[in-house]
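Numbering (full-length UniProt numbering) for the sequence shown: 31 to 484.
The beta-carbon is built from N, C-alpha and C at its ideal position, and this holds for glycine as well.
The structure presented is a predicted model; accordingly, all values stated were derived computationally and were not measured.
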Amino acid sequence: AHLDRIGAVDDAVHAFLHVSAEEALRTAREVDARRAAGEAVHELAGVPIAVKDVVVTKGLPTTAGSRILEGWVPPYDATLVERLHAAGMPILGKTNMDEFAMGSSTEHSGYGPTRNPWDLDRIPGGSGGGSAAAVAAYEAPLAIGTDTGGSIRQPGAVTGTVGVKPTYGGVSRYGLIALASSLDQAGPVTRTVLDSALLHEVIGGHDPRDATSLSDPATGLVAAAREGMTGDLSGVRVGVVDELDGEGYQPGVRARFEESLELLRGAGAEVVRVSCPHVVYALAAYYLILPSEASSNLAKFDGMRFGLRVEPDEGPVTAERVMAATRGAGFGAEVKRRIILGTYALSAGYYDAYYGSAQKVRTLIQRDFTAAFDQVDVLVSPTAPTTAFRLGEKLDDPLAMYLNDVATIPANLAGIPGISVPNGLSDDGLPVGFQVLAPARADARLYRVGAALE
Ligand code: GLN
């Protein structure tokens, strides 16, 4: 049914870069056979899933949305993909994204934009717009995204889906094509909070192949979602982050947010205001730390090891000239912009002033959150300042594009988990997201509060 749906709507939505129909059907038939033989199977066995194209999949093309990886077929599976296979979940295909996960609209994909199923003239968010659009358009019941600065949560907000960024280290990064290694985290994109909890429990857990994988990751996620579904939040202390609820937010986004605070109060939660003063510097720190790490991570795309190789039009074919020609042709404008920013920020003489300062700001933001979580159990804010904007609207203005992530980036800098749950429609009839943040390893709280809001 999902493959049929993809066939019917994906020409218009363009959520998928690759559809793996045969592989998906093979897995589905295997699960059917195991069930028929009376074997116990996982409760998500046979439930199909779409996977963001930044996650490597053995035998399935993986491009991270970049022309530089066109035609590359990985020889191995990411740990999270191994876990999907182990649960018997058919992989429907690979979803579109901003190139190397840099962007907030999926317009920076090397393969053309994805469109928001709510209004095809609008963006589905980014970088994981493909995964969110696939779920919103009923092309897939579940999807995997990655979130470095909001790429799961912001697409969730603007497509009316649920998106979860787990605690840093909660889901293995082995087999994710790295954007910024200290910020990247994979997580669920679904239509309900319970679905996200179920999927999170499949993909999460310690992995010895990821050096930053937690040895004691979050547990009890499904149980917490079920507890939240009772609608009772007695005793839960909720903090509204002062710095994430003000200027620049669309009136309809603010109105829905206020209504949800009332809902939380009605469910028995205590709602207070808290201040995280350094959060206002998160965007600036992020756009030094992320390009720095990305410029280093992307150095491996050199025309020698993976995908595209372009030789210079004329003159000698030296390694350096092949690298320059390949990177010049294979990377898009946003990727080049960030590589230049990152190499500049890391260069001798500037390192302390830019990268060093940004790391100090990061520590201050972490301390703000630690102090806030001494007072409250969860923090809340709107997920994104506006609803989905029109395609092309912010393409020529990188700073306006970056501003979409003001509310999501702080969690990545602090390594804490966050969820975006659908929060009704704004005055323009488009979906709005409600964000819940919890302390590291307390992912269960996201599911409890998130489910109570549904
Ligand atoms: N939009 C943010 C950026 O462009 C977030 C990206 C992400 O989470 N992968 O960096």
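Sorry if obvious, but does the Cβ on residue i come closer than 7 angstroms to a heavy atom of the ligand GLN?
{"i": "Ser-157", "result": "yes"}
{"i": "Asp-83", "result": "no"}
{"i": "Asp-343", "result": "no"}
{"i": "Thr-125", "result": "no"}
{"i": "Ala-108", "result": "no"}
{"i": "Asp-177", "result": "yes"}
{"i": "Ser-450", "result": "no"}
{"i": "Gly-180", "result": "yes"}
{"i": "Gly-186", "result": "no"}
{"i": "Met-132", "result": "yes"}
{"i": "Asp-435", "result": "yes"}
{"i": "Leu-320", "result": "yes"}
{"i": "Leu-90", "result": "no"}
{"i": "residue 503", "result": "The question about residue 503 has no answer here: the residues shown for the chain are numbered 31 through 484."}
{"i": "Leu-209", "result": "yes"}
Thinking C-beta only, is residue j closer than 8 angstroms to residue i?
{"i": "Tyr-412", "j": "Phe-287", "result": "For clarity, residue 412 is Pro in the given sequence; the question names Tyr instead. Cβ distance < 8 angstroms, so Pro-412 and Phe-287 count as in contact."}
{"i": "Gly-261", "j": "Ala-482", "result": "yes"}
{"i": "Ser-157", "j": "Met-119", "result": "no"}
{"i": "Pro-469", "j": "Gln-280", "result": "no"}
{"i": "Ala-187", "j": "Gly-155", "result": "yes"}
{"i": "Val-43", "j": "Ala-163", "result": "yes"}
{"i": "Ala-210", "j": "Leu-320", "result": "yes"}
{"i": "Pro-452", "j": "Thr-417", "result": "no"}
{"i": "Val-201", "j": "Thr-220", "result": "no"}
{"i": "Ile-449", "j": "Gly-480", "result": "yes"}
{"i": "Pro-185", "j": "Asp-473", "result": "no"}
{"i": "Pro-218", "j": "Leu-229", "result": "yes"}
{"i": "Leu-110", "j": "Ile-174", "result": "yes"}
{"i": "Arg-35", "j": "Glu-137", "result": "no"}
{"i": "Tyr-385", "j": "Leu-318", "result": "yes"}
{"i": "Gly-282", "j": "Asp-151", "result": "no"}
{"i": "Ile-121", "j": "Ser-50", "result": "yes"}
{"i": "Pro-143", "j": "Thr-189", "result": "no"}
{"i": "Ala-216", "j": "Tyr-477", "result": "no"}
{"i": "Val-304", "j": "Arg-113", "result": "no"}
{"i": "Ala-315", "j": "Ala-402", "result": "no"}
{"i": "Gly-160", "j": "Ala-45", "result": "yes"}
{"i": "Ile-446", "j": "Leu-425", "result": "no"}
{"i": "Thr-222", "j": "Glu-52", "result": "no"}
{"i": "Ser-245", "j": "Val-194", "result": "no"}
{"i": "Ser-290", "j": "Phe-464", "result": "yes"}
{"i": "Gly-133", "j": "Gly-337", "result": "no"}
{"i": "Pro-104", "j": "Thr-92", "result": "yes"}
Can you tell me whether DSSP reads residue i as helix, strand or coil?
{"i": "Asn-126", "result": "coil"}
{"i": "Asp-382", "result": "helix"}
{"i": "Val-49", "result": "strand"}
{"i": "residue 542", "result": "Since the displayed the chain opens at 31 and closes at 484, residue 542 lies outside it and no answer follows."}
{"i": "Gly-265", "result": "coil"}
{"i": "Leu-206", "result": "strand"}
{"i": "Gly-234", "result": "strand"}
{"i": "Tyr-459", "result": "The displayed chain sequence assigns Gly, not Tyr, to residue 459. In this structure, Gly-459 counts as coil in the three-state DSSP scheme."}
{"i": "Gly-358", "result": "helix"}
{"i": "Arg-475", "result": "helix"}
{"i": "Arg-420", "result": "strand"}
{"i": "Ser-212", "result": "coil"}
{"i": "Ile-182", "result": "coil"}
{"i": "Val-43", "result": "helix"}
{"i": "Glu-60", "result": "helix"}
Have a look at the DSSP bridge pairing and note the partners of residue i.
{"i": "Phe-464", "result": "Pro-412, Val-451"}
{"i": "Lys-82", "result": "Thr-125"}
{"i": "Asn-146", "result": "Asp-149"}
{"i": "Ala-173", "result": "Ala-80, Val-219"}
{"i": "Glu-484", "result": "None; Glu-484 has no bridge partner."}
{"i": "Val-301", "result": "Val-268"}
{"i": "Val-201", "result": "Gly-234"}
{"i": "Val-192", "result": "Thr-220"}
Does the CB of residue i have a neighbour CB from chain C at under 8 angstroms?
{"i": "Gly-448", "result": "Included in the structure is just one protein chain, with no chain C present."}
What I want to know is whether the C-beta of residue i ends up closer than 7 angstroms to one or more non-hydrogen atoms of the ligand ZN.
{"i": "Asp-62", "result": "The model on display carries the ligand GLN but not the ligand ZN."}
Query raised in the report: Does the count of Cβ pairs from the segment 351 to 371 and the segment 321 to 339 closer than 8 angstroms reach three?
Result: yes
**Report entry** Touching by the beta-carbon criterion (3+ pairs, under 8 angstroms), the segment 59 to 73 and the segment 286 to 305
**Finding:** no
Query - Segment contact, 8 angstroms Cβ cut-off, at least three pairs: the segment 268 to 281 with the segment 401 to 420 - result: yes
Query raised in the report: Is the segment 179 to 189 close to the segment 426 to 446, with three or more CB pairs under 8 angstroms?
Result: yes
Query raised in the report: Is the segment 61 to 75 close to the segment 97 to 105, with three or more CB pairs under 8 angstroms?
Result: no
Query raised in the report: Below 8 angstroms, can you find three or more Cβ-Cβ pairs linking the segment 428 to 438 to the segment 237 to 256?
Result: no
Query raised in the report: How do the segment 300 to 316 and the segment 251 to 271 stand: do at least 3 beta-carbon pairs fall below 8 angstroms, yes or no?
Result: yes
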